[in-house]
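Peer 1: Mind having a look at this structure? Questions to follow.
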Amino acid sequence: MGSFILRRVGVMLLTALCLTFIVFCLTNLYPNLEKLAKTQGNFRMSDEDVARWLDNNGYGGPMLVKYGEWLGALPGWTRETEDGMDGRCIRAAEDPTEAPRFCGIIQGYWGYSTVFKEEVGGIVAKRLGLTGILMFWVLVLMVPSALLIGVLAGMREGSVTDRTLSTFSIITTATPEYVSGVIFIAVFTSSTVGLRWFKGTATSAMENPTFENFFLPVLTISLYGMGYIARMTRASMAEVMTAQYIRTARLKGVSFPNIVVKHALRNALIAPFTVIMLQVPWLLNGVVIVETLFNYKGFGWTLVQAAGNNDIELLLGVSVVSVIVVLLTQLISDIGYVYLNPRIRIS
Amino acid sequence: MEPLSTLQIALRILGQFLPVWIALVVLFAASIRFKRNLGLYGKLFDSVIGMIGLGLVMFWVFTGIFAAMDMIITHGPLDQLSGMKNEPPGTPLPDPEDGAYPWYLLGGDNLARDVFSRMVKGAWIVVQIAPLATLFAFMVGITLGLPAGYYGGRLDTVLSFLANLILAFPVILLFYLLVTPEIVATGVPQYMAVVLFIFPLVFFGVLINSRYRSQPRRNMTVLAIVLIPLVLAYLSLINAQGTRIDFWPLDLFDVPGGILVVFVSVVFVNAPTVFRIVRGLAMDIKTRDYVAAAQTRGEGPWYIMLWEILPNARGPLIVDFCLRIGYTTILLGTLGFFGLGLPPESPDWGSTINEGRKLLSIYLHPALPPAFALLSLVLGLNLLADGLREESLRD
């Protein structure tokens, strides 16, 4: 088990390095940098001006070196100017004379956002907190209801309950967030239909989440993932219900609710666990759509802002966090699967 | 003229879809009549779910095809008529020209365009891109997944690592990185197209060569018949005037810039998942007796992969193909929703939903029709996949 986890962590780190390098290259392509130079300097810069601006601000070197500096594995660039030393780490430090040689992600320096005019680290932490609240409620709503639907449907395969619940889960998997969100907003918030049960934006939920302003975004994200988990649970439950030991329990005269709760559930829930963990990266997509749709200024909204406004350092920070979230959930699901499943754990 | 009542609107919309109804009836009648000779497709007509799914899917496919021929639609998808801005469904035109359809059946959008016609035209964009992009993703996934599963070892490790690398990207982040004008200007998506679109060529080349290797003359003829048109199509596809890749004089057709980028990124996102499925299937099937028999006969590895393993993996692959078209439709909608890739005035469903949502608290009618259209198409594909799965498990 130990060496398995160690190997998985090693692969994960390698993946994270490769992915961040790819994102770094794509965001630091010349047209992006040129656009950055023109928005930071002025729009009428000539090509030589742009090149000089980029050189002066440390965007000139080869890609690998810049990546190393950004990561904190190579010393930051420095340059002599008329008013003393200038450099990547000197700009970041409060006191230029005591600036460290290395400053990058590893040292905790995430760069400076050109859109929000703040440190990237601070923005990411704040927005991640807001999205954390959203994700928490999504999981609270999604996981129990999905498992319940799946178990109820898979308990008696082919029954009316099964047909109804399976249809429901197929419909939810066929409804992406931007469709269900639009339908919910139309039905529950607009003056045309007249129900007005909820609020159409979740902006006020950032300070004060209530049922009225927070339920629709949570529901929108959960519905899309719910159907998939429910179907996996149903398949797993249906398979367990045909197993020999369930038949034995039935022949012994154990009551049906007892069979389901005591004998079937425990084995039927191993497969959905992995599915739920692997669903988290998909939730990340849902979060971006729903935060844009409901104007909830969390992590996903920040991603759209950063990408839309060519905010290179912020986009890099956001990418690092999302890539790490995805990889961590994969790791947890792998380890959890091995841990939960005695057939794999022992062999 | 009076505005139409709800019932009249419904009847007129059903009437507008008349060619689609006729095509559906013909298709279903013919399929049910000959269902015993049609294999898996014929068996679909034994399951109610499968029939509903097929009905929904074919409804939108026919709608798309007829819309491309300018049937069904009542107005041009880009025509703006003054006085029709945000008008509710069934509003008559203020001063209709001769021969113009006198109503906006589902109302007008924020730029006074006909919502109904835009929704119908949007079907054509989806029907064009989604199945083809899924097909390409399958070619890439199969060409790489079969050897990874069959050989295993280091090849498998490297390819699986690359696939997991792409899968660990949040899709939207990937889209934002690939589909911005700045990246398009550097030609990155075009280079990716060069790599991704070569896989169908490799696939068909190897497929034919492994089969007819022992008959060189026949091999050459079949290869030439299949590969020459494909190579021509490939070169015209990747070659575009005035971009980084512009060397091929015989450019038969040009894919509009935005569409190619969207296409490439959708294929790129889907291919790793297909790779994983194919790899798993290949690892399972390579232990069967008929594979051992083929190995004893002395067949080459590619023959075994493409002519022994692949046909026996078709069941799960067909089911996944249907599901994946649905997923691709959702991805296309996502791209449109964020205004990436396709031009802003394009009538595809994602862009229309995005435009309509901004005024959603006052006007519902511009956003809801494309939303329900997308929902019903994806639902149809999921039901179809379910029906196919049930029927293919039965034998």
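Protein sequence lines, in the order shown, are assigned to chains A and B.
All residue numbers for the first sequence refer to this note's numbering, where the first residue is 1 and numbers rise by one.
All residue numbers for the second sequence refer to this note's numbering, where the first residue is 348 and numbers rise by one.
The beta carbon of each residue, even a glycine, is placed where N, CA and C say it ideally should be.
None of the values given here were measured: they were computed from a predicted structure.
#1: To the nearest angstrom, how far is the alpha carbon of B/Leu711 from that of A/Ala202?
#2: Would you mind reading off the limits of the alpha helix (DSSP H) that contains B/Thr675?
#3: Output the boundary residues of the beta strand (DSSP E) element that contains A/Arg79.
#4: Just to make sure I have the definition right: I need the residues of chain B whose C-beta is within less than 9 Å of the C-beta of A/Val143. Which are they?
#5: Could you give the first and the last residue of the continuous alpha helix (DSSP H) run that contains B/Val408?
#6: Compile a chain-ordered list of the residues in the region 126 to 156 of chain A whose CB is closer than 9 Å to at least one CB of chain B.
#7: State the start and end residues of the unbroken alpha helix (DSSP H) segment that holds A/Thr233.
#8: In terms of DSSP beta bridges, what is B/Leu450 paired with?
#9: What are the complete alpha helix (DSSP H) segments, minimum 4 residues, inside the region 266 to 317 of chain A?
#10: Does the CB of B/Glu702 have a neighbour CB from chain A at under 8 Å?
#11: With DSSP as the reference, identify every bridge partner of A/Gly87, one or two as the case may be.
#12: Along the region 665 to 697 of chain B, where does the CB come closer than 8 Å to a CB of chain A? Name the residues.
#13: Just grab the DSSP bridge partners of B/Gly455 for me.
#14: When burial is assigned at 16 or more other CB atoms within 10 Å of the CB, is A/Met237 buried or exposed?
#15: Between which residues of its own chain and A/Tyr228 is the CB-CB distance below 6 Å, once the five residues before and five after are set aside?
#16: I'd like to know whether the C-beta of A/Lys199 is nearer than 8 Å to at least one C-beta of chain B.
#17: So with CB distances below 7 Å, who are the chain B contacts of A/Glu32?
#18: Which value, in whole angstroms, describes the spacing of the CA atoms of B/Leu707 and B/Met405?
#19: Quick one: what's got a C-beta closer than 6 Å to B/Val474's C-beta in the same chain, skipping five residues either side?
#20: At a Cβ cut of 9 Å, what residues of the region 283 to 301 of chain A count as close to chain B, listed as they run along the chain?
#21: Give me the DSSP bridge partner(s) of A/Tyr112.
#22: Among residues of its own chain, excluding the 5 on either side of B/Phe364, which ones have a beta-carbon nearer than 6 Å to its beta-carbon?
#23: Determine the closest residue to B/Gly605 out of B/Thr643, B/Pro690, B/Leu584, with distance taken between C-alpha atoms.
#24: Can you give me the C-alpha to C-alpha distance between A/Gly181 and A/Phe24, rounded to a whole angstrom?
#25: Span of the alpha helix (DSSP H) holding B/Leu554?
#26: A/Ser169 lies in the alpha helix (DSSP H); which residues open and close that run?
#27: Can you tell me the Cα-Cα spacing of B/Thr699 and B/Ala732, whole angstroms?
#28: For B/Pro536, which of B/Leu525, B/Phe544, B/Ile419 has the nearest alpha-carbon?
#29: Does the count of Cβ pairs from the region 324 to 338 of chain A and the region 272 to 286 of chain A closer than 8 Å reach three?
#30: Where A/Val124 and A/Thr292 are concerned, what is the direct C-alpha to C-alpha distance, given to the nearest angstrom?
#31: Spatial neighbours of A/Gly121 within its chain, please: CB distance less than 6 Å, with the 5 preceding and 5 following residues excluded, ordered by chain position.
#32: Among the candidates B/Ile396, B/Ile379, B/Arg623, B/Val666, whose CA atom is the shortest distance from the CA of B/Asn511?
#33: Check the Cβ of B/Asp393 against every Cβ in chain A and list those closer than 7 Å, keeping chain order.
#34: Could you work out which residues of chain B lie near A/Thr189, taking near to mean beta carbons separated by less than 9 Å?
#35: Which same chain residues, not among the five before or five after B/Arg465, have their C-beta less than 8 Å away from its C-beta?
#36: Report the rounded CA-to-CA distance for A/Phe188 versus B/Pro435, giving the unit in angstroms.
Peer 2: So, to answer that:
#1: Here residue 711 of chain B corresponds to residue number 364 of the second sequence, with the count starting at 1. Here residue 202 of chain A corresponds to residue number 202 of the first sequence, with the count starting at 1. Rounded to the nearest angstrom, the two C-alpha atoms are 19 Å apart.
#2: Residue numbering aside, residue 675 of chain B sits at position 328 when the second sequence is read from its first letter. 661 to 684 is the span of the alpha helix (DSSP H), which, as asked, contains B/Thr675.
#3: Numbered from its first residue, the first sequence carries residue 79 of chain A at position 79. Start and end: 78 to 81.
#4: Reading the first sequence from its first residue, position 143 is the one you call residue 143 of chain A. Chain B residues near A/Val143: none, gap ~21 Å exceeds 9 Å.
#5: Counted from its first residue, the second sequence places residue 408 of chain B at position 61. Note, B/Val408: alpha helix (DSSP H), 395 to 415.
#6: none
#7: What you label residue 233 of chain A is simply residue 233 of the first sequence in a count that begins at 1. Looking at the DSSP string, the run of the alpha helix (DSSP H) that includes A/Thr233 is 211 to 241.
#8: For the purposes of this step, residue 450 of chain B is taken as residue 103 along the second sequence, with counting starting at 1. The residue asked about is misnamed: residue 450 of chain B is Trp in this sequence, not Leu. B/Trp450 is bridged to B/Pro439.
#9: 270 to 294, 299 to 308
#10: Against the second sequence, residue 702 of chain B aligns to sequence position 355. Not one chain A Cβ lies under 8 Å of B/Glu702.
#11: Position 87 of the first sequence holds residue 87 of chain A. BP columns for A/Gly87 point to A/Thr78.
#12: Gly673, Ile677, Gly680, Thr681, Phe684, Phe685, Gly697
#13: Stepping through the second sequence from its first residue, residue 455 of chain B is reached at position 108. B/Asp461, per the DSSP bridge assignment.
#14: The count along the first sequence starts at 1 and reaches residue 237 of chain A at position 237. With 16 or more other Cβ atoms within 10 Å, it is buried.
#15: In the first sequence, counting from the first residue as 1, residue 228 of chain A sits at position 228. Only Thr173 meet the Cβ criterion.
#16: By 1-based counting over the first sequence, the position of residue 199 of chain A is 199. Cβ-Cβ to chain B under 8 Å: no for A/Lys199.
#17: In the first sequence, counting from the first residue as 1, residue 32 of chain A sits at position 32. Looking at the sequence itself, residue 32 of chain A is Asn, so the reference to Glu does not match. Ordered by position in chain B, the residues that pass the 7 Å Cβ test against A/Asn32 are Glu529.
#18: As a first step, residue 707 of chain B must be located in the second sequence, where it is residue number 360. As a first step, residue 405 of chain B must be located in the second sequence, where it is residue number 58. Distance between the alpha carbons of B/Leu707 and B/Met405 is about 30 Å.
#19: Position 127 of the second sequence, counting from 1, holds the residue named residue 474 of chain B. Excluding sequence neighbours, B/Val474 sits near Val408, Gly411.
#20: Leu284, Asn285, Val288, Ile289, Thr292, Leu293, Gly300
#21: As a first step, residue 112 of chain A must be located in the first sequence, where it is residue number 112. Answer by DSSP bridge pairing, in chain order: A/Glu119.
#22: Along the second sequence, one-based indexing puts residue 364 of chain B at 17. So no residue of the chain qualifies.
#23: Here the question's residue 605 of chain B lines up with position 258 in the second sequence. Selected option, being the one with the closest Cα: B/Pro690.
#24: By 1-based counting over the first sequence, the position of residue 181 of chain A is 181. By 1-based counting over the first sequence, the position of residue 24 of chain A is 24. The straight-line gap from Cα to Cα measures roughly 33 Å.
#25: Counting from 1 along the second sequence, the entry for residue 554 of chain B is found at position 207. 545 to 559 is the span of the alpha helix (DSSP H), which, as asked, contains B/Leu554.
#26: Taking the first sequence and counting its residues from 1, the one referred to as residue 169 of chain A is at position 169. Where A/Ser169 is concerned, the enclosing alpha helix (DSSP H) stretches over 160 to 173.
#27: Locating residue 699 of chain B in the second sequence gives position 352, where the first residue counts as 1. Locating residue 732 of chain B in the second sequence gives position 385, where the first residue counts as 1. Taking the straight line from one Cα to the other gives about 27 Å.
#28: Along the second sequence, one-based indexing puts residue 536 of chain B at 189. It is B/Leu525.
#29: yes
#30: Position 124 of the first sequence holds residue 124 of chain A. Position 292 of the first sequence holds residue 292 of chain A. About 17 Å.
#31: Within the first sequence, numbered from 1, the residue matching residue 121 of chain A stands at position 121. Correct list, in chain order: Trp110.
#32: As a working mapping, residue 511 of chain B is identified with position 164 in the second sequence. Nearest C-alpha to B/Asn511: B/Arg623.
#33: Stepping through the second sequence from its first residue, residue 393 of chain B is reached at position 46. Correct list: empty, because the minimum Cβ distance to chain A is about 16 Å.
#34: Counted from its first residue, the first sequence places residue 189 of chain A at position 189. Per Cβ cutoff of 9 Å: Leu707, Ser708.
#35: In the second sequence, the residue the question calls residue 465 of chain B occupies position 118. Cβ neighbours of B/Arg465 beyond the five flanking positions: Pro424, Asp456, Pro694, Thr699, Pro717.
#36: As a working mapping, residue 188 of chain A is identified with position 188 in the first sequence. As a working mapping, residue 435 of chain B is identified with position 88 in the second sequence. Between A/Phe188 and B/Pro435, the C-alpha separation is close to 19 Å.
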